[in-house]
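The sequence shown begins at -5 in the working numbering and counts up one residue at a time.
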Amino acid sequence: MTEAQKVGTLTETEARDELARLAAEIGRANEAYHRLDAPEITDAEYDALKRRNAAVEARFPALKRPDSPSDLVGAGLAEGFGQVRHAQRMLSLENAFEEEDVSKFVTRLRAYLGHDGPLTFTAEPKIDGLSLSLRYEGGVLVQAATRGDGETGENVTANARTIADIPQSLAGAPDLLEVRGEVYMSHADFAALNARQQETGEKTFANPRNAAAGSLRQLDARITAARPLRFFAHGWGELSGPLAETQFQAVERLVGLGFRTDPRIRLCRTEEEMLAHYREIEEQRATLGYDIDGVVYKVNDLGLQRRLGFRAATPRWAIAHKFPAELAWTRLEGIDIQVGRTGALSPVARLSPVTVGGVVVSNATLHNEDYIAGRNSAGAPIRNGKDIRIGDWVQVYRAGDVIPKVADVELTRRPEGAVPYAFPETCPDCGSPAIREPGDSVRRCTGGLICPAQAVEKLKHFVSRGAFDIEGLGVKQIEMFFVDDLLPIRKPAEIFTLAARDAANLAKIANRDGFGKRSTEKLFASIDERRVIALERLLFALGIRHLGEVAAKDLARHYGSWEALIGAVDAAHPAALAHLAGDEAEVAERAAAAADGRRVEVSKARAAVWEHLAPPPESRAAWEDLLAIEGVGAVLAVSLVTTLAQDGPEREAVDDLIKQLREITAPEQRAMESPIAGLALVFTGTLERMTRAEAKARAEALGARVAGSVSVKTDLVIAGPGAGSKAKAAEALGIRVIDEDEWSRLAGGAG
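Right, dumping it as structure tokens:
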């Protein structure tokens, strides 16, 4: 069964809760793997989590979270290193786990390109190491940087110079060449290193990848030099001139310049050849002498690579075909309940540590109370109805639909006296009732901002990387100030009053752990800098459910200012409430129809609610305009409006924050000389000269906004053959409609 099929039965509520759980799990895994070099789960487990997340988001795009793992690469930077901003982002790869995933990848490429001709790929082992970028200027190595979060990495130049596989100078290279590859450690070298570490009483490493990452990130380059690190080159970033016309030729060029590349790279002309090479490498895996976790396929033609471009976090022209995962049995020592930013109570299994594929696993997500009880959200049995109890021997599945996942229970080893787990009905943090609404698979704390767990998680999100990103105010500091009685930070506005309160208080910040006079001054300066904030960052920072970074940028581009956005939200409030009431009427009608055995007439039920509540025309217009924004669905729109427009603690906290800011900057306007810059466009019908995806990317590159539906704020509609209701709606509203030929002239002649 494919991942898409596995999520096919999820309701919106279940999908929302699943995405929350996945975001938390992947976030913890990113922190442990990329920044701390101490992975808590295996690569296969991590890949399966992201695969599950992508499948749920594909089925429910409107539910995409603000901290969606789909938009993230890597994690934060380790302390002690200088920072390097990558000229071109270092991205991760999309994953394939089944052969049909590879077929779908090729089919998507052909559809995107409109290409039916020959399509060749390179196939090479995926090294399980640490990504590294090497910058050469005039043939001389001038800088080495880790991937970091994809945009900014750690400067490890001195350490990289100690690795024998990395040339210090190149002959015949372009004037500017950024080579990318993997730092790794062979199995033999890893075993020898651990033996030396053990002899001297020092820490041993869990696996070769962990050892390589820890060795490269030494502040003392002499330690790195004593470690047996190696480097394989597999790609490039910024260039002053092309290496070749194809991926395969470019890799050969890197070899000619003196770099080591994996000798098992092959040029494949068909899907069958790609899969055959995958199976061949899989058979050789145990004898290679270094860790690999799959095979990477890349479009060979570099011209086609440029056309395909990139998504938020991955290139469209490459995919990693991962190897199958493993199973392990261990004891369930306990079940902890974690309370998230939205109040969801998430059960986490505490396991006796077990090594699976070289990584120690000690925790696993247990989803919700139904999963623990051995049933799904519909009440049907899972695991043959076996519940999960503390003390049980449980099977941890390394690459299932939820990772780490308790896949099964061994009843013959269940200890005497083990009792069914009683899921808490009150919040473990604030004692408020934890209720489970009809149709919801997750129990949620009703405490809201009075719940410390929710409030502190909201603040952590507020200062996170994609939000206000205040230097010196991270997770540790937020936790400290949250419980501080003299200088508390319990809502965002209090961050910006911290300096004034410190000046008036005899108990200074400088007296607290980790803060001296200089670090306190730097913190206050960093906070003051953030009084000027981009609108999209502000929106993301508010932590509104379902509002991610991409949607925040779309909203910011659409409205242009905070005043316009909040005005539209307030105007749309009556219509949003009518939509919510319509949802409730639809649920009630479905239930009643099912009980009576009659046909469901949900549209009539919803229409009756709208007619009864009768939101004014200006509210309907604001609501429709909000829904017309590309990527904004009804779920996100309701969440945005009901959070910001209603009176109460949330709106009060937002208003207090806005008063503390000096300026909320408008989104950057791109391609101002374009004749379509600033216009709102809608594409409808079939495009014959380019794919819909290429047309959208071209329009946005020229400064236009692409919407999914026609509204009074639409400026231009591009209608191809088969255009239907959208073209008619545009004509009724008096909006200009053009054909693809005219669109091509506009797009081609711009800039």
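Ideal Cβ positions, reconstructed from N, Cα and C, are used throughout, including at glycine.
Being a predicted model, the structure only gives us computed values, none of them experimental.
Near the ligand MN: residue i beta-carbon under 7 Å from a heavy atom
i: Ala206; result: Questions concerning the ligand MN fall outside what the structure shown contains, since it holds no ligand whatsoever.
Cβ-based neighbour list, residue i, same chain, cut-off 8 Å, excluding 5 preceding and 5 following
i: Gln191; result: Lys197, Thr198, Phe199
i: Glu148; result: Leu71, Ala72, Phe75, Gly76, Gln77, Val78, Ala139, Thr140, Gly142, Arg211
i: Ala721; result: Thr678, Gly679, Val711, Ala713, Val731
i: Val342; result: Ile329, Asp330, Ile331, Gln332, Asn357, Ala358, Thr359, Leu360
i: Ala9; result: Val1, Val50, Arg53, Phe54, Leu57
Length of the line joining the Cα atoms of residue i and residue j
i: Ile331; j: Phe475; result: 23 Å
i: Ala698; j: Arg525; result: 29 Å
i: Ser340; j: Asp496; result: 37 Å
i: Ile382; j: Ala17; result: 24 Å
i: Pro750; j: Ala14; result: Any answer about residue 750 is impossible in this case: the structure gives the chain only from -5 up to 745.
i: Ala48; j: Glu88; result: 10 Å
i: Ser64; j: Ala23; result: 14 Å
i: Leu43; j: Pro202; result: 23 Å
i: Gly714; j: Arg104; result: 20 Å
i: Pro643; j: Glu624; result: 30 Å
i: Ala412; j: Ser458; result: 42 Å
i: Gly111; j: Ala545; result: 36 Å
i: Ile712; j: Ala622; result: 16 Å
i: Glu751; j: Ala401; result: Shown here, the chain extends from -5 to 745; a query on residue 751 therefore has no answer.
i: Ser127; j: Leu248; result: 14 Å
i: Pro427; j: Trp737; result: 57 Å
i: Arg221; j: Glu473; result: 37 Å
i: Arg539; j: Ile259; result: 44 Å
i: His455; j: Thr281; result: 45 Å
i: Arg263; j: His109; result: 15 Å
i: Phe490; j: Gln654; result: 6 Å
i: Ala215; j: Val704; result: 59 Å
i: Asp735; j: Gly561; result: 38 Å
i: Asn204; j: Pro375; result: 40 Å
i: Ala416; j: Asp364; result: 11 Å
i: Ala244; j: Asp733; result: 40 Å
i: Ala726; j: Val676; result: 15 Å
Span of the beta strand (DSSP E), counted from its first residue to its last, around residue i
i: Arg539; result: Taken as a continuous stretch (DSSP letters only), Arg539 belongs to no beta strand (DSSP E), as it is neither H nor E.
i: Lys316; result: 312 to 316
i: Tyr272; result: Note, Tyr272: premise wrong, no beta strand (DSSP E); alpha helix (DSSP H) at 265 to 278.
i: Glu232; result: 224 to 233
i: Pro119; result: 115 to 121
i: Asn89; result: 88 to 90
i: Arg78; result: Residue identity check: residue 78 is Val in the sequence provided, not Arg. Element bounds for Val78: 77 to 79.
6 Å Cβ shell around residue i - same chain, five flanking residues per side excluded
i: Ala154; result: Ala138, Ile160
i: Leu673; result: Ala698, Asp709, Leu710
i: Tyr284; result: Tyr178, Ser180
i: Tyr106; result: Thr685, Ala687
Cβ-based neighbour list, residue i, same chain, cut-off 7 Å, excluding 5 preceding and 5 following
i: Arg484; result: Ala449, Phe476
i: Ala717; result: Thr678, Gly679
i: Glu93; result: Leu269
i: Leu85; result: Val67, Gly144, Phe304, Ala307, Thr308, Pro309
i: Leu170; result: Glu131, Glu232, Leu233, Ser234
i: Gly510; result: Ala504
i: Glu19; result: Leu43, Thr359
i: Lys380; result: Gly368, Val403, Leu405
i: Arg551; result: Pro661, Arg699
i: Val396; result: Below a pLDDT of 50, predicted positions are generally treated as unreliable, and Val396, at 39, falls in that range; the measurement from the model is reported next regardless. Cβ within range, chain order: Arg46, Thr359, His361.
Paired residues, beta bridge with residue i - DSSP
i: Lys454; result: Note: Lys454 sits in no beta bridge, so no partner.
i: Pro375; result: Arg369
i: Tyr291; result: Ala117, Ile313
i: Cys262; result: Phe115
i: Phe304; result: Pro309
i: Val762; result: Because the chain here runs from -5 to 745, residue 762 falls outside it and cannot be looked at.
i: Asp330; result: Val342
i: Thr763; result: Residue 763 cannot be examined here, being either before or after the span of the chain that is shown, -5 to 745.
i: Cys439; result: Ala428
i: Leu710; result: Leu675, Arg730
Enclosing alpha helix (DSSP H) for residue i [first to last residue]
i: Phe243; result: Residue identity differs from the one stated: residue 243 is Gln in this sequence, not Phe. Taken as a continuous stretch (DSSP letters only), the alpha helix (DSSP H) holding Gln243 covers 241 to 250.
i: Lys720; result: 719 to 727
i: Arg730; result: First-last for Arg730: 730 to 732, but that is the beta strand (DSSP E), not the alpha helix (DSSP H).
i: Arg10; result: 6 to 24
Residue-level contact to chain C via CB, residue i, 8 Å cutoff
i: Ala546; result: Of the protein chains in the structure, only one exists, and it is not chain C.
In the region 466 to 524, which residue ranges form an unbroken beta strand (DSSP E) of at least 3 residues, counting only runs that do not cross its ends?
The qualifying runs do not exist here; there are none.
Restricting to runs no shorter than 3 residues, where is the beta strand (DSSP E) found entirely within the region 608 to 688?
Restricted to the region 608 to 688, the beta strand (DSSP E) segments that are unbroken, complete and at least 3 residues in length are 657 to 659, 674 to 678, listed in chain order.
Jot down the residue ranges of each uninterrupted beta strand (DSSP E) in the region 119 to 190, minimum 3 residues, whole runs only, in chain order.
Counting only runs of 3+ residues, the beta strand (DSSP E) found wholly inside the region 119 to 190 occupies 124 to 131, 134 to 140, 146 to 148, 170 to 178, in chain order.
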